[in-house]
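Position one of the sequence shown corresponds to residue 0 (numbering that gives the first Met the number 0), numbered consecutively onward.
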Amino acid sequence: MNESPNLTQAVPLFNVKDIQASLRFYVEGLGFEKKLEWVPEGRLRWCSLSRGAVSVMLQEYLPAHLPAEKLGTGVIICIFCEDALALYRECKARDVAASKPFVGNGLWVTSVTDPDGYRLDFESKTDAPEESEYDE
0 MNESPNLTQA VPLFNVKDIQ ASLRFYVEGL GFEKKLEWVP EGRLRWCSLS RGAVSVMLQE
60 YLPAHLPAEK LGTGVIICIF CEDALALYRE CKARDVAASK PFVGNGLWVT SVTDPDGYRL
120 DFESKTDAPE ESEYDE
């Protein structure tokens with residue numbers, strides 16, 4: 000077997016209806032930065048975003064390929080962070096709807112849902128009792 004790891008990172012790709020709306024959510028709302036983009040015929044169609052060690056990619060559906068079913072159903076991306084409570088406060092300050100943090104599995108958890116229904120759970124370790132809720 001290979002001594003060096005061949006796999007280096009998994010990056011979710013979200014197919015979206017309106018890439019500009021999604022880009023605003025991730026950049027202005029969650030503080031991600033656009034790193035790469037694909038702009039055929041002068042229209043942004045794909046981009047890679049990062050914040051710290053976390054990356055996501057967005058790709059806009061062509062109108063002819065837009066699925067009838069709701070996007071994002073059942074998709075949850077868990078993002079581990081140093082301080083989920085700080086991220087919750089940051090979301091609130093930027094008017095991003097974030098769920099009230101609670102403790103589950105020894106982790107503070109707060110969730111946001113992007114414009115297409117993809118859910119992101121931000122989690123950080125804690126010694127607070129299970130099922131505790133954050134009291135602002």
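Ideal Cβ positions, reconstructed from N, Cα and C, are used throughout, including at glycine.
Every value quoted in this text rests on a predicted model; they were computed, and no experiment measured them.
Local conformation of residue i per DSSP, three classes
i: residue 158; result: The requested residue 158 is not part of the displayed model; the chain covers only 0 to 135.
i: residue 91; result: helix
i: residue 102; result: strand
i: residue 61; result: coil
i: residue 3; result: coil
i: residue 131; result: coil
Spatial distance of residue i from residue j (CA atoms)
i: residue 61; j: residue 134; result: 44 Å
i: residue 106; j: residue 50; result: 21 Å
i: residue 31; j: residue 2; result: 34 Å
Environment of residue i [buried if 16+ CB atoms lie within 10 Å]
i: residue 122; result: buried
i: residue 109; result: buried
i: residue 15; result: buried
i: residue 59; result: buried
i: residue 28; result: buried
i: residue 46; result: buried
Closest Cα partner of residue i within the set the options
i: residue 34; options: 40, 28, 100 and 52; result: 52
Sheet register partners of residue i (DSSP bridge)
i: residue 75; result: 118
i: residue 50; result: 53
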